[in-house]
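Notes for the one structure printed next.
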Amino acid sequence: MKTLSFLKLILFFILILVFSLPGLFAFGEENSTSTLPAESEVSNQESATSVENVSPRLIEERKVLEEELKKLETEIEKYEEDISKTQKEKKTLQNEIYILKQKIEKLNLQIQQTNLGIREVGLQIQDTEDSVEKTSLKIEDSRQQLAVILRTIYESDQKSLIEILLSEEELSNFFDDLTSLEALNSKNQELLEEIKKLKSYLEEQKTVLSGEKEDLENLSKMQQLQRKESESTKGEKDYLLEKTKGKESEYQKLLTETQKKATEIRSRIFELIGVPKAPTFGEALDIANFVSRITGIRPAYLLAVLTQESNIGKNVGQCYLVNLETGEGVRLTSDKKEPRTMKSSRDLPFFLNICQELGRDPLNTLVSCPMEYGWGGAMGPAQFIPSTWVRYRDRVKEITGKAADPWDIKDAFLAAALYLTDYGAAKQTKDAEWKAAMIYFSGSTNTKYRFYGDSVLSIAQKYEADIKAIEEGNLTKI
């Protein structure tokens with residue numbers, strides 16, 4: 001009995017602490033670096049009940065849309081793979097076409113070379129034919145000379161020895177004529193033999209050159225056939241390339257249509273999440289999960305960054321601008337001048353443009369106050385400076401289908417996730433997430449600010465445990 005009384009007494013004191021010190025048990029606020037105005041607390045309490053007021057019909061619609069979005073994202077991934085595959089095929093075909101073009105150019109040069117060779121051999125043949133003709137004329141002249149010699153010899157052969165002796169005045173003349181005839185006969189035989197050899201040689205050379213010319217002509221014909229074949233193959237490759245191009249164009253069209261439909265669904269899901277400016281942890285987790293599917297950023301890590309920046313939208317700044325030329329401002333709670341509220345040369349023109357696009361009064365829009373070590377002017381739950389926000393607003397608009405607003409909690413989540421993805425946080429490793437957080441804070445990984453990266457990872461670890469507990473049913477998502 002005493003033990004029960006003692007336990008009751010302890011339980012009584014715990015209940016008193018819970019009701020008298022609610023700030024000690026506020027979920028996820030122990031890491032916040034800001035003090036919230038009373039009106040923010042009221043809006044947060046109102047948001048805590050917003051989930052209970054969502055109708056079952058809207059919850060069911062959201063589930064259906066999320067399933068449809070998953071299917072569309074799968075289709076988008078398939079189309080992107082098909083496009084990538086087609087582009088690789090296209091590249092391969094282009095390489096083959098290039099090689100064929102090079103071969104055709106080489107063949108053209110070889111054909112030109114062969115044609116020059118044919119012309120050269122033709123000239124040699126012409127020279128040889130001219131030589132043969134000249135030699136033939138020479139042979140003809142020699143033949144006429146030989147005919148005279150032969151006739152003389154013949155006539156001499158017709159005379160009897162007595163007639164020859166009687167016709168000569170002296171006997172010595174007879175022997176001289178006889179010697180001359182013998183010499184002519186011998187010379188005749190030599191000349192005939194030489195002419196035969198020369199003619200035979202020339203005819204042989206003509207035959208060889210004619211054969212070379214024929215071979216070269218055949219080679220030229222073969223090369224021309226090869227060129228036609230290569231050009232025909234190139235034509236087929238060009239056809240395939242054009243066909244592939246059409247295929248890629250078709251995939252691109254389907255991809256664009258599917259992405260457009262996915263954007264419309266994402267926009268509708270964002271509407272159905274329906275969170276106020278400062279969401280509960282459960283509402284923020286819904287956004288983080290949805291953004292994670294788009295960007296690959298770990299939900300707990302994204303929530304940790306947003307907690308570090310603005311306590312998930314509860315503190316979006318405490319300064320107003322008062323001078324739109326110098327960037328000078330004042331604090332919300334006092335008239336203290338803040339000369340470094342916004343860097344005029346870097347951020348002020350972008351800030352005015354953003355406010356104009358969204359219909360905001362730049363003099364009545366809260367931004368962060370300057371810190372000891374830098375400028376102020378950061379906007380919304382993700383605390384983007386204007387010059388950085390303009391790099392992401394179009395990408396946010398492309399996903400949500402509406403104008404991007406840095407003070408909108410959903411747009412802020414998405415822009416922050418895109419930024420962290422650009423700097424490697426989608427790898428979901430400790431080192432990658434730490435580096436991305438550091439760059440998010442200071443634009444570098446200077447260890448002077450390592451407290452920020454360490455704090456983000458510490459908060460993310462706690463949130464990861466909370467998310468796991470929610471999934472296992474051991475913690476209620478509010």
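Oh and the sequence shown: position 123 is 123 in full-length UniProt numbering, straight run, nothing missing. Glycine is no exception: its CB is placed at the ideal position from the N, C-alpha and C atoms.
Assumed close pair residue i, residue j - CB separation to whole angstroms, cut-off 8 Å
i, j, result
"Leu302", "Phe413", "7 Å"
"Ser368", "Gln356", "Not quite, the Cβ-Cβ distance comes to about 20 Å (not below 8 Å), so this is no contact."
"Phe351", "Gly376", "Incorrect: roughly 11 Å between the Cβ atoms, too far for contact."
"Lys213", "Val121", "5 Å"
"Ile139", "Leu216", "That pair is no contact at about 31 Å."
"Glu374", "Leu348", "In the sequence as displayed, the identity of residue 374 is Gly instead of Glu. Rounded, the Cβ-Cβ distance is 16 Å, inconsistent with contact."
Through-space distance from residue j to residue i, alpha-carbon basis
i, j, result
"Leu65", "Ala403", "22 Å"
"Thr445", "Val291", "25 Å"
"Leu36", "Glu472", "Only weak support exists for where Leu36 lies, its pLDDT of 31 falling under 50; the coordinates are left without a value."
"Arg340", "Asp394", "28 Å"
"Lys261", "Lys71", "11 Å"
"Ile59", "Gly282", "14 Å"
"Pro370", "Glu61", "44 Å"
"Val148", "Leu123", "38 Å"
"Leu21", "Lys343", "Note that Leu21 scores a pLDDT of 40, beneath 50, so its modelled location is shaky; the value from the coordinates is reported in the next line. Looking at the two C-alpha atoms, the distance is approximately 41 Å."
"Ser40", "Thr280", "Only weak support exists for where Ser40 lies, its pLDDT of 35 falling under 50; the value from the coordinates is given anyway. Spanning the two alpha carbons is a distance of roughly 12 Å."
"Gln144", "Lys221", "47 Å"
"Ile76", "Gly329", "47 Å"
"Ile470", "Thr421", "26 Å"
"Glu81", "Ile287", "28 Å"
"Ser186", "Lys134", "25 Å"
"Thr333", "Glu68", "48 Å"
"Ser455", "Glu372", "19 Å"
"Glu464", "Lys337", "41 Å"
"Lys468", "Ile297", "17 Å"
"Gly359", "Lys88", "47 Å"
"Asn323", "Asn353", "15 Å"
"Asp130", "Glu194", "19 Å"
"Lys397", "Asn108", "56 Å"
"Ala183", "Gln126", "38 Å"
"Ile385", "Gln308", "16 Å"
"Gly443", "Ala436", "9 Å"
"Thr429", "Asp335", "45 Å"
"Asp361", "Phe441", "27 Å"
"Lys314", "Thr256", "37 Å"
"Glu190", "Asp141", "15 Å"
"Asn289", "Lys427", "16 Å"
Beta-carbon contacts of residue i that lie in its chain and below 6 Å, excluding the five residues immediately before and after
i, result
"Ile312", "Ala284 and Leu306"
"Ala460", "Ala300, Tyr301 and Ala304"
"Tyr392", "Ala415 and Leu418"
"Trp389", "Pro406"
7 Å Cβ shell around residue i - same chain, five flanking residues per side excluded
i, result
"Arg346", "Ser387"
"Trp434", "Gly453 and Leu457"
"Asp466", "Leu475"
"Val316", "Ser310, Leu366, Gly380, Pro381 and Trp407"
"Ala432", "Gly424 and Ala425"
"Asn115", "Ser220"
"Arg331", "Gln318, Cys319, Glu338 and Cys369"
"Lys199", "Thr135 and Ile139"
For residue i, three-class secondary structure by DSSP
i, result
"Tyr423", "coil"
"Met379", "strand"
"Leu475", "coil"
"Val390", "coil"
"Gly296", "coil"
"Lys336", "coil"
"Cys355", "helix"
"Val316", "coil"
"Val322", "coil"
"Arg57", "helix"
"Gly329", "strand"
Contact set for residue i: own chain, Cβ-Cβ below 8 Å, skip 5 residues either direction
i, result
"Ile294", "Arg266, Ile399, Leu414 and Ala417"
"Thr128", "Leu202, Gln205, Lys206 and Leu209"
"Arg450", "Met438"
"Thr258", "Leu72, Glu75, Ile76 and Tyr79"
"Leu363", "Tyr320, Leu321, Val322 and Leu324"
"Arg137", "Sequence check: residue 137 is Leu here, not Arg. Excluding sequence neighbours, Leu137 sits near nothing in its chain."
Residue i at chain B interface by Cβ criterion, 8 Å
i, result
"Pro362", "The question asks about chain B, but that chain is absent: this structure has only one protein chain."
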